[in-house]
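Numbered per this note's numbering, the sequence shown spans residues 144 to 260. We put the CB at the ideal spot given by N, CA and C, even for glycine. For reference, the structure discussed in these notes is given below.
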Amino acid sequence: MAVYTLPELPYDYAALAPVISPEIVELHHDKHHAAYVKGANDTLEQLAEARDKERWAALNGLEKSLAFHLSGHILHSVYWHNMSGDGGGEPLAADGVGELADAIAESFGSFRAFKAQ
Ligand SMILES: [Fe+2]
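As structure tokens, then:
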């Protein structure tokens, strides 16, 4: 059975300040993300127990709970690596992020409109 673990932050709590305070980074990592990891592991145990005891009616709800907690875990994991204390501003092809700039322009019309939304 898979066991999920809370990944280490790729930087310290203060790395995204002043845009995101150290307290908010700590809250999202140590509370939110940790709770999603614990929830996924707890749900996996509950799923195994339900299967062992042939409580098939419980599976649908437990699978939804597992999807909820795993998406929280994965989205937070992506979130940590998409931010940087050195980042910000409009993505430009010259910076090697032309596909992102193109997708923003296609979906929102402009970076300004994207930022406004
Ligand atoms: Fe969060």
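Counting C-beta neighbours from all protein chains within 10 Å, is the total for residue i 16 or more, i.e. buried, or is it exposed?
| i | result |
| --- | --- |
| Tyr-222 | exposed |
| Leu-146 | Sequence check: residue 146 is Val here, not Leu. Classification of Val-146: exposed, given that the 10 Å Cβ count is below 16. |
| Ala-183 | buried |
| Pro-234 | buried |
Taking the CB atoms as reference points, tell me whether residue i and residue j lie closer together than 7 angstroms.
| i | j | result |
| --- | --- | --- |
| Met-144 | Leu-205 | no |
| Tyr-179 | His-216 | yes |
| Pro-153 | Ser-220 | no |
| Ala-244 | Ala-256 | no |
| Ala-201 | Ala-191 | no |
Closest by CA to residue i, which one among the options?
| i | options | result |
| --- | --- | --- |
| Ala-160 | Glu-242, His-224, Gly-228 | Gly-228 |
| Ser-214 | His-176, Ile-163, Leu-235, Ser-253 | His-176 |
| Lys-181 | Glu-192, Glu-249, Ser-164, Ser-208 | Ser-208 |
| Ala-210 | Asp-185, Glu-197, Gly-230, Ala-200 | Asp-185 |
| Ile-163 | Ser-250, Gly-230, Asn-203 | Gly-230 |
| His-171 | Trp-199, Gln-189, Asn-203, Leu-218 | Leu-218 |
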